[in-house]
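Below is one structure, written out as structure tokens, with a few remarks after it.
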Amino acid sequence: MYNEIIMNNFNNPLNVGELKGANGIGKAQSKKYGDIIKFFVKVDENKKIEEVTFKSTGCVATIAISSALTAKMTGMSIDRVSKIDVDQINNLVGGLPEIKMYCAVLAKEAIANTVANYKKRMAKQA
Numbered sequence: 000m001y002n003e004i005i006m007n008n009f010n011n012p013l014n015v016g017e018l019k020g021a022n023g024i025g026k027a028q029s030k031k032y033g034d035i036i037k038f039f040v041k042v043d044e045n046k047k048i049e050e051v052t053f054k055s056t057g058c059v060a061t062i063a064i065s066s067a068l069t070a071k072m073t074g075m076s077i078d079r080v081s082k083i084d085v086d087q088i089n090n091l092v093g094g095l096p097e098i099k100m101y102c103a104v105l106a107k108e109a110i111a112n113t114v115a116n117y118k119k120r121m122a123k124q125a
């Protein structure tokens, strides 16, 4: 059912856990399936993501996507990260079974919530 990219990210997930000093945290939960993705980002003064980690519960696809996205987002600008879409997420993991596309939608929502949280925190500091 799952390709090698998905299985590698599921069996050996990258960047798992809470990130101390994160200045952006965002979460999304599937009401239908119960999967949860939570991203933690540390964004530098140039608005580039220095570090990103995740905590996730759910199916193989949810965990694999979360892992793959942490690798992709590291080094990207926060604005560029905000533009990652569902198709890019699907392509990142080599294609999801149709029944698991909700996992990519959930990840997109978690990214959007993380970016919004970062921007809210920065606005409070200004």
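In terms of numbering that gives the first Met the number 0, the sequence shown opens at residue 0 and continues consecutively.
Glycine is no exception: its CB is placed at the ideal position from the N, C-alpha and C atoms.
Quick caveat: nothing in here was measured; it's all calculated off a predicted structure.
Cβ-based neighbour list, residue i, same chain, cut-off 7 Å, excluding 5 preceding and 5 following
| i | result |
| --- | --- |
| V80 | I48, M72, I110, V114 |
| A21 | F39, V40, K41 |
Whole-angstrom distance between residue j and residue i, CA atom to CA atom
| i | j | result |
| --- | --- | --- |
| I4 | K54 | 19 Å |
| Y101 | I88 | 11 Å |
| N10 | G57 | 14 Å |
Own chain residues within Cβ distance below 8 Å of residue i, not counting five before or after
| i | result |
| --- | --- |
| L18 | F39, V40, K41, E50, V51, T52 |
CB-CB length for residue i against residue j, believed under 8 Å
| i | j | result |
| --- | --- | --- |
| N14 | S66 | 7 Å |
| V85 | K107 | 5 Å |
Simplified DSSP assignment, three categories, for residue i
| i | result |
| --- | --- |
| A27 | strand |
| E44 | coil |
Nonlocal neighbours in the same chain, by C-beta distance under 6 Å from residue i, ignoring five residues either side
| i | result |
| --- | --- |
| M75 | I48 |
| K37 | K26, K54 |
| G16 | T52 |
heavy atom of the ligand SAH below 8 Å from residue i C-beta
| i | result |
| --- | --- |
| V80 | The ligand SAH is absent from the structure shown, which contains no ligands of any kind. |
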